[in-house]
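Here the sequence shown stands for residues 0 to 359, numbered as in numbering that gives the first Met the number 0. Note sheet for the following structure.
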Amino acid sequence: MILDGLSLKFVRWASKRISVVGSGPSGFYTAYRLLNKSPDPIHVTLWEKLPVPYGLSRYGVAPDHPEVKNCEDTFAECAETFNQGKDGRKFSFIGGVTIGSDEIPLQQLLKQEDAVILAYGCQSSRALGIPGEDASGVFSSRDFVNWYNGHPGFANDKRFTEFDWSQVHRVGIIGHGNVALDITRVLMTNRVDEIWQPTDISRVAIDKLKQAPIQEVKMIARRDFIHSKFTNRELRELWEMERFGVRGKIDQKYFHPTLFNDDQLKDRPFKRRVEMCQEYSTPFDKRTKKNYKKHGPPPEERSHWVLDYLKTPLQTQTNDQGRVQSLQLCENELTPDNRVKQLPNSELNYNVDLLITSLG
0 MILDGLSLKF VRWASKRISV VGSGPSGFYT AYRLLNKSPD PIHVTLWEKL
50 PVPYGLSRYG VAPDHPEVKN CEDTFAECAE TFNQGKDGRK FSFIGGVTIG
100 SDEIPLQQLL KQEDAVILAY GCQSSRALGI PGEDASGVFS SRDFVNWYNG
150 HPGFANDKRF TEFDWSQVHR VGIIGHGNVA LDITRVLMTN RVDEIWQPTD
200 ISRVAIDKLK QAPIQEVKMI ARRDFIHSKF TNRELRELWE MERFGVRGKI
250 DQKYFHPTLF NDDQLKDRPF KRRVEMCQEY STPFDKRTKK NYKKHGPPPE
300 ERSHWVLDYL KTPLQTQTND QGRVQSLQLC ENELTPDNRV KQLPNSELNY
350 NVDLLITSLG
C-alpha cells in the first residue's frame, strides 16, 4: 500500500513531457505558451535538425529587416528562464537531430512523450512544372534566401558559389509576395554597401552578388494588380530605392484607378497602394505629396524593377552551356468567376540570365 501511495503521488506530480519538433517561430512560440500558461509541471523539449534555433526568423527574413527578428529575444529569454527549471516547468533544446530519421524515429518519440507537436514547416519548394525548370540559373526563392542568409545547408552551395554572377543582367522572379520583393531589393542594391554592411547577410553571398551588373528585375504574376500578395511596406521600400538610382516601373494599365470599383477603393490599404504607384510613377517635381519626396530628387536611373501582371510561364530556353537565357510566357485574363484563363496566340519571351521561383 505504501508503494501504491508513493506511486500515485509520483504520477500526480510528475511533469508532463511534450516535444516540439522544429524551432522556428511557430515551434518556439508553442513552447513559450506551454511553459508560461501550463498550470501543471511540464517539461518541453524543442528539437531542431540544425545546430541552432529560430528557423525562418534566422534564415528566412530579409537581412535589412532586423526588427522582424526581435522575436528571437523573447525566445532566448524563455529558454534562459526555464532551462534550469522553474516552478516545475523546464525547457530543453536539442539541436543537430532530425526527428523521423533512423536516429530517432517519430514512433519512438511518441512512445516516450505525453504529446508531440510537429512545427517544422515546409521542407521543399513548389515547382512551376514547366520544361526547362531544372536549367542552370533557375533557383527557388527558398534556396536563394537560405543562401544569402547563411543557412548551414546552403551557405556553400555550389549552385550559387560557382555560378557566374558576372553574366546576370536581367532577372525574372515568378511571384508577387513579400519574399519576391525582398529578393528584388537584395538584387537591385547588391552594390550598395551602406545597406548591407551593417546586416548579417552572408559575406560570401553578397560578395558574389556584387559581381552581377543587374539592369532589370522583373516580377511576374499570373493574376492582376488587386491580387498582389505583397504588403504596402514592402512595396514602398522598392519605390524608395530610387535614391540609389533604382527606378520602379508598372504599366498604368494594371493600376489605373478606373480599373477598380468603389468598394475596392474604399479599402484603405489598397487605395494607398494605388496612390503610391501613381505618385512614384510621376516625375519627382510633379508629385503632390511630401511623403513621396522625402529622400529628395533621385539620381539618374542606373537600373530598374518591373511589376508585371497577367502572365503564365510556359518554358525556359537555355544556351549551349545549359544556362537559362529566356523565359517563354503567355498572357492571361481573369474570367467572371475570377479564374485565370490563358489567352491563345499570346506567347511572348523575356530575356533572363537568372530566374527565381517564389511560389509560396
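Ideal Cβ positions, reconstructed from N, Cα and C, are used throughout, including at glycine. This structure is a prediction, so every number in the text was calculated from the model and none was measured.
Residue i - partner residues in DSSP beta bridges
i: residue 316; result: 325
i: residue 42; result: 16 and 89
i: residue 303; result: 215 and 246
i: residue 311; result: 329
i: residue 114; result: 17
i: residue 135; result: 322
i: residue 348; result: 327
i: residue 339; result: 333
i: residue 356; result: 139 and 173
Buried or exposed (CB count within 10 angstroms, at least 16 for buried), residue i
i: residue 355; result: buried
i: residue 73; result: exposed
i: residue 347; result: exposed
i: residue 93; result: exposed
i: residue 24; result: buried
i: residue 22; result: buried
i: residue 110; result: exposed
i: residue 250; result: exposed
i: residue 233; result: buried
i: residue 359; result: exposed
i: residue 193; result: exposed
i: residue 85; result: exposed
i: residue 311; result: buried
i: residue 7; result: Residue placement at residue 7 cannot be trusted, given a pLDDT of 31 that sits under 50; the coordinates are not used to answer.
i: residue 100; result: exposed
Sequence-distant residues of the same chain with beta carbon closer than 7 Å to residue i, five excluded per side
i: residue 98; result: 20, 46, 105 and 108
i: residue 263; result: 225 and 269
For residue i, three-class secondary structure by DSSP
i: residue 214; result: coil
i: residue 242; result: helix
i: residue 96; result: coil
i: residue 188; result: coil
i: residue 106; result: helix
i: residue 208; result: helix
i: residue 170; result: strand
i: residue 127; result: coil
i: residue 277; result: helix
i: residue 287; result: coil
i: residue 47; result: strand
i: residue 26; result: helix
Chain-order list of residues whose beta-carbon lies under 6 Å from that of residue i (same chain, five-residue window excluded)
i: residue 339; result: 221 and 331
i: residue 27; result: 74
i: residue 301; result: 244
i: residue 77; result: 31
i: residue 322; result: 135 and 136
i: residue 166; result: 352
Cβ-based neighbour list, residue i, same chain, cut-off 8 Å, excluding 5 preceding and 5 following
i: residue 132; result: 126, 315 and 356
i: residue 278; result: 286, 287, 288 and 291
Three-pair Cβ contact test at 8 Å for the region 166 to 176 versus the region 108 to 123: no
Contact the region 233 to 246 vs the region 187 to 206: 3+ CB pairs below 8 Å: yes
Segment contact, 8 Å Cβ cut-off, at least three pairs: the region 193 to 206 with the region 253 to 267: no
The region 31 to 41 / the region 64 to 71 touching (three or more Cβ pairs under 8 Å): no
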